[in-house]
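I have placed the structure first, in the form of structure tokens, so that the comments after it can refer back to it.
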Amino acid sequence: MSMNAVRSNRQRRRLIGQLIDIALPLLAVAAALLTGAFLLLLLGVNPLDAYAAMFRGAFGNTSGITQTLTKMTPLLLVALGICIAFRGGMINIGGEGQIIVGALAAAAFSLALPEWPRWLLLPSTLTAGALAGAVWGGIAGVLKARLNVNEILSTVMLNAIALQLMNFLLRGPMLDPEQIAAGTNIPQSAALPQQVWITRLMPRTLLHSGIIYAIILAIIVYLLLWRTTIGYRIRAVGANPAAARYAGIPVRTYMTLSMTLSGLFAGLAGAVEVTGVHHRMIEGLSGGYGFSGIVAALFGKLHPLGAIPASFFFGGMLVGADKMQRSMQVPSALIVALQGLIVLFVVSSDIFVRRRSRRRVSLEQDDANTGDQPLIVPTAGHGGER
Amino acid sequence: MNELFTLGVLIGIAHSGVRLATPYLFAALGEMFGQRSGVLNLGVDGIMLMGAFAGFYTVFNTGNLWLGVAAALGVGALMGLLMAVVSVTMQAEQGISGIGLYLFGMGMSSLLFKMLIGSVESVSGFRAVAIPVLSRIPVIGEVFFDQNILTYLAFLMVPLSWFVLNKTTFGLKIRAVGQNPEAADSLGVSVNRVRYATTILGSAMAGLAGASMSIGLLNVFQENMTNGLGFIAVALVYFGGWRPYGILGGALLFSTVSAFQLWIQVLGLPIASDIAVMLPYVLTIVALAVAVRQIQQPAALTKPYERGE
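Those protein sequence lines, which keep their order, are chains A and B.
The C-terminal residue of the first sequence carries number 405 in the numbering used here, and the numbering is unbroken.
The C-terminal residue of the second sequence carries number 343 in the numbering used here, and the numbering is unbroken.
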């Protein structure tokens, strides 16, 4: 065979490989939906009707699509943070807590400075929320980098602590004075000053311009991870911490950095929910986005640009599940179970990517740049920790 | 603050502490078996919720408590089988597959609860059984020997787990597979079979841990009623240095802190209850950061095993 034939053969094989990589998450979702359909059948529900109601509710009309885009915004922001953390070998389960502290900080900040003008108050409020999330994520990062504390466990605990902090603040120091006056004491903060509300894109909907900024941020995160030294180092630490250390990268610093950045995006998501959707801090604001964001990020192959369609899809699932609950009496908890199944199928399917990339390495050892890698590198993360 | 330190209240706290240790012990001892063989199962909380629902639903319909226990064990084992397929056979990243299992268990238990029961109901669960003679010992008798049968069982599991892990062939295989799977494999131990066994065993115990809440401690089922207790149980395994008696110490510490926090609320002490509820979680982080620094985790923990070619 001539060199050219070898090369084109190789290119064809790589193309097929890339197609399989794209198809695997879709297959995982199909498998999860099938399993879910089976479970629905056991419960005496027609799965086709339930899924149709879900799909129609999410994408069937303008109202559904605007709601989908509204839910997509925090999902995408959280998913971007998850991409950074997971690429850096840090498993951030703390999205919920980071959203909550971000939302609390944003609400408290704008309520404390109601006379600031919009051009100053809105950006600084969003920054306050993002920074609070960054601190919350950074705690887990420092604990992992300095004291070798498993970040999965510490972020779960930080979620619970943030939740209690919210319960405490919304029933005490941050409780809406109007609620106290009326004696109803519904745990929520006062309404934020109007100049901090994010512009609505369509009248009579909740859709706000945050979605546009979230998509721009997705491109920025892509550039950060693949076009800068910082991003290269984050990924190097995630792929192989020992090799990264050998190459002179301060591994601990980058572990902390990727967790901090991850928390920053989740905190921003909380701030955007407060200023764009609710206009006050309410209970239940995090709405499971911390976990759904992980599912969206995995579905998007931990790629910031892949996270865009992934979070659109999962935003639609969340909206559709609410509609399905109302029209079919199928509890929206189904969606949590489906998300769990999707995660299980996505991480299981990763074995095929690993097998193929290993085969390719052994076949093409002269070809230094083999391109795509398995989604989750098994050596990343928790070797040798307590 | 003084009313907190009367003998009656202290005995009350200790009694609740022992009682509340039940789910921690079942879940953490089960998780220990998996981790000692190299499998980190982060789905404990979801398995507990499924076990809690299965136990509750069975008792709700049949009134038979032991049938409820069997249902919880069975559902837990099935969840464990799912985890083993994903993490052992498919060699998935265990930190993430566990989160998938957690979400599945949480969503599924809520779905089943809403579709099959629908409203908050209660059952008459396991009652406290005073052990003759022993329960008459002052203080100690009140604290330890006037509990329900699942609590006795949970405490019995500690020496039993120690025995299985350290004095049986199965325990030797578990430790070998978790420490050096290649060597175990070369001696003819099937690494994956041992890991399937420990993951399923541990998950069955997590199911029982859930049932110990829904038909033992609280006698109700609520959505997400474990409230992250399963994650604390995973942390306890680290905290306890992967040893049954270490886990016992950790479980008692955490359950006593939880009991303390409950009594703060009962007595209406001037500490915001939301702040008090944070205590166990803060303690978990601090414990992970400072405790047992010298203890090594199982060498093959979270590492899937594949025979070399």
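Ideal Cβ positions, reconstructed from N, Cα and C, are used throughout, including at glycine.
Pair every Cβ in the region 314-329 of chain A with every Cβ in the region 170-185 of chain A, then say whether three or more of these pairs are closer than 8 Å. Flag = no, the region 314-329 of chain A and the region 170-185 of chain A do not touch.
Would you verify that the beta carbon of A:Val-97 is, or is not, closer than 8 Å to some beta carbon of chain B? Counting from one through the first sequence, the residue named residue 97 of chain A turns up at place 78. Chain B contact via Cβ: absent.
Strictly under 8 Å for the Cβ-Cβ distance: is B:Ile-309 near chain A by that measure? Your numbering for residue 309 of chain B matches position 275 in the second sequence. Closer than 8 Å: yes.
Beta-carbon spacing of A:Met-73, A:Met-336 below 8 Å: Residue mapping note: residue 73 of chain A aligns to position 54 of the first sequence, counting from 1. Residue mapping note: residue 336 of chain A aligns to position 317 of the first sequence, counting from 1. Yes, Cβ-Cβ distance for A:Met-73 and A:Met-336 is below 8 Å.
A:Asn-186 versus chain B: which residues are under 7 Å apart at the beta carbon? The sequence position of residue 186 of chain A within the first sequence is 167, counting from 1. Neighbours of A:Asn-186 on chain B, chain order: Asp-308.
On a Cα-Cα basis, can you pick out the residue from A:Gln-37, A:Leu-61, A:Leu-88, A:Leu-60 that is closest to A:Tyr-232? Your numbering for residue 232 of chain A matches position 213 in the first sequence. The residue with the shortest Cα to Cα distance from A:Tyr-232 is A:Leu-88.
Rounded to whole angstroms, what's the CA-CA distance from A:Ser-173 to A:Ile-118? Just pull it up for me. Along the first sequence, read from residue 1 onward, the residue named residue 173 of chain A stands at position 154. Along the first sequence, read from residue 1 onward, the residue named residue 118 of chain A stands at position 99. Between A:Ser-173 and A:Ile-118, the C-alpha separation is close to 16 Å.
Inter-residue spacing [alpha-carbon to alpha-carbon] between B:Ile-208 and B:Leu-221: Walking along the second sequence from the start, residue 208 of chain B turns up at place 174. Walking along the second sequence from the start, residue 221 of chain B turns up at place 187. Looking at the backbone, the Cα of B:Ile-208 and that of B:Leu-221 are separated by about 13 Å.
Say whether chain A places a C-beta atom closer than 8 Å to the C-beta of B:Ile-344. What is shown of chain B runs 35 to 343, which leaves residue 344 of chain B out entirely.
Mind pulling the chain A residues with CB within less than 8 Å of B:Ser-131? Taking the first residue of the second sequence as position 1, residue 131 of chain B is located at position 97. Under a criterion of Cβ atoms nearer than 8 Å, the residues of chain A adjacent to B:Ser-131 are, in order, Val-362, Leu-363, Val-366, Ser-367.
Is any beta-carbon of chain B found at less than 8 Å from that of A:Leu-353? Position 334 of the first sequence, counted from the start, is the residue given in the question as residue 353 of chain A. True, the Cβ-Cβ gap to chain B drops below 8 Å.
Quick one: is B:Glu-155 buried, meaning 16 or more other Cβ sit within 10 Å of its Cβ, or exposed? As a working note, residue 155 of chain B is residue 121 in the second sequence. By the neighbour-count rule (16 or more Cβ atoms within 10 Å), B:Glu-155 is not buried but exposed.
Measuring CB to CB, does A:Gly-121 end up less than 8 Å from A:Ala-290? Position 102 of the first sequence, counting from 1, holds the residue named residue 121 of chain A. Position 271 of the first sequence, counting from 1, holds the residue named residue 290 of chain A. A contact, by the Cβ cut-off of 8 Å.
Which of helix, strand or coil DSSP assigns to A:Asp-40: Along the first sequence, read from residue 1 onward, the residue named residue 40 of chain A stands at position 21. Note: A:Asp-40 maps to helix in three-state DSSP.
Would you mind reading off the limits of the beta strand (DSSP E) that contains B:Asp-180? Along the second sequence, one-based indexing puts residue 180 of chain B at 146. Start and end: 180-182.
Can you name the start and end residues of the alpha helix (DSSP H) that B:Val-320 belongs to? Start at 1 with the first residue of the second sequence, and residue 320 of chain B comes out as number 286. Residues 307-324.
Could you tell me the distance, in whole angstroms, from the CA atom of A:Gln-384 to the CA atom of B:Asp-79? Reading the first sequence from its first residue, position 365 is the one you call residue 384 of chain A. Reading the second sequence from its first residue, position 45 is the one you call residue 79 of chain B. With a pLDDT of only 49 at A:Gln-384, under 50, the local geometry of the prediction cannot be trusted, and no value is derived from it.
Whole runs of the beta strand (DSSP E) within the region 138-192 of chain B, excluding any shorter than 3 residues: Qualifying beta strand (DSSP E) stretches, in chain order: 162-164, 180-182.
Those residues which DSSP pairs with B:Val-254 across a bridge: Within the second sequence, numbered from 1, the residue matching residue 254 of chain B stands at position 220. B:Ser-156, per the DSSP bridge assignment.
Taking buried to mean at least 16 other C-beta atoms within 10 Å of its own C-beta, is B:Val-324 buried or exposed? The residue you call residue 324 of chain B lines up with position 290 of the second sequence. It counts as exposed.
Taking 8 Å as the threshold (beta carbon to beta carbon), is B:Ser-144 in contact with chain A? On the second sequence, residue 144 of chain B is found 110 positions in, with the first residue counted as 1. Yes, its Cβ sits closer than 8 Å to a Cβ of chain A.
Going by CA-CA distance only, name the one from A:Phe-371, A:Arg-299, A:Ser-311, A:Val-355 that's closest to A:Pro-206. One-based indexing of the first sequence puts residue 206 of chain A at position 187. Comparing Cα positions, the closest option is A:Arg-299.
Contact belief for B:Gly-77 with B:Met-113 at Cβ below 8 Å, rounded distance in angstroms: To locate residue 77 of chain B, count along the second sequence from 1; it is residue 43. To locate residue 113 of chain B, count along the second sequence from 1; it is residue 79. Confirmed, about 7 Å.
Where B:Phe-294 falls, given that 16 or more other Cβ within 10 Å makes a residue buried: Along the second sequence, one-based indexing puts residue 294 of chain B at 260. Under this definition B:Phe-294 is a buried residue.
Strictly below 9 Å CB to CB, what residues from chain B border A:Pro-206? Numbered from 1 along the first sequence, position 187 holds the residue referred to as residue 206 of chain A. Near A:Pro-206 there are no residues of chain B at all, since even the closest Cβ is about 10 Å away, more than 9 Å.
What are the boundary residues of the alpha helix (DSSP H) that includes A:Arg-106? The residue given as residue 106 of chain A occupies position 87 in the first sequence. Membership of A:Arg-106 in the alpha helix (DSSP H) is indicated by the continuous run 81-106.
How would you label B:Ser-158, buried or exposed, when you count the other beta carbons within 10 angstroms and need 16 or more for buried? As a first step, residue 158 of chain B is located in the second sequence; it is residue number 124 there, counting from the start. Answer is exposed; the Cβ neighbour count stays below 16.
N-terminal and C-terminal residue of the alpha helix (DSSP H) that B:Tyr-339 is part of: Position 305 of the second sequence, counted from the first residue, corresponds to residue 339 of chain B. The continuous stretches of alpha helix (DSSP H) do not include B:Tyr-339, and DSSP gives it neither H nor E.
What whole-angstrom Cβ distance do A:Gly-156 and A:Thr-279 have, given they're in contact under 8 Å? On the first sequence, residue 156 of chain A is found 137 positions in, with the first residue counted as 1. On the first sequence, residue 279 of chain A is found 260 positions in, with the first residue counted as 1. With 8 Å as the limit, A:Gly-156 and A:Thr-279 qualify as a contact, their Cβ atoms being about 5 Å apart.
Does the beta carbon of A:Gln-30 come closer than 8 Å to any beta carbon on chain B? As a first step, residue 30 of chain A is located in the first sequence; it is residue number 11 there, counting from the start. With 8 Å as the cut-off, A:Gln-30 does not count as an interface residue toward chain B.
Alpha helix (DSSP H) segments (min. 4 residues) lying fully within the region 165-237 of chain A: Fully enclosed alpha helix (DSSP H) runs of 4 or longer: 170-190, 196-201.
Is the region 258-277 of chain B touching the region 96-109 of chain B in the sense that three or more CB pairs, one from each, lie closer than 8 Å? With a cut-off of 8 Å on Cβ pairs, the region 96-109 of chain B is not in contact with the region 258-277 of chain B, counting fewer than three such pairs.
Do the region 243-257 of chain B and the region 79-98 of chain B touch if we need at least three Cβ pairs shorter than 8 Å? Taking a contact to require three or more Cβ pairs closer than 8 Å, the region 243-257 of chain B and the region 79-98 of chain B qualify as touching.
How about the region 250-267 of chain A and the region 65-80 of chain A: do they share at least three Cβ pairs that are nearer than 8 Å? Remark: fewer than three beta-carbon pairs, one from each stretch, lie closer than 8 Å, so the region 250-267 of chain A and the region 65-80 of chain A are not flagged as touching.
Which residues in the same chain as B:Asn-214 place their Cβ atom closer than 8 Å to its Cβ, once the five residues preceding and following it in sequence are excluded? Along the second sequence, one-based indexing puts residue 214 of chain B at 180. Only Ala-333, Ala-334 meet the Cβ criterion.
Between B:Thr-318, B:Leu-194, B:Ile-174, which lies nearest to B:Val-52 when the distance is taken from Cα to Cα? Stepping through the second sequence from its first residue, residue 52 of chain B is reached at position 18. With distances taken between Cα atoms, B:Val-52 lies closest to B:Ile-174.
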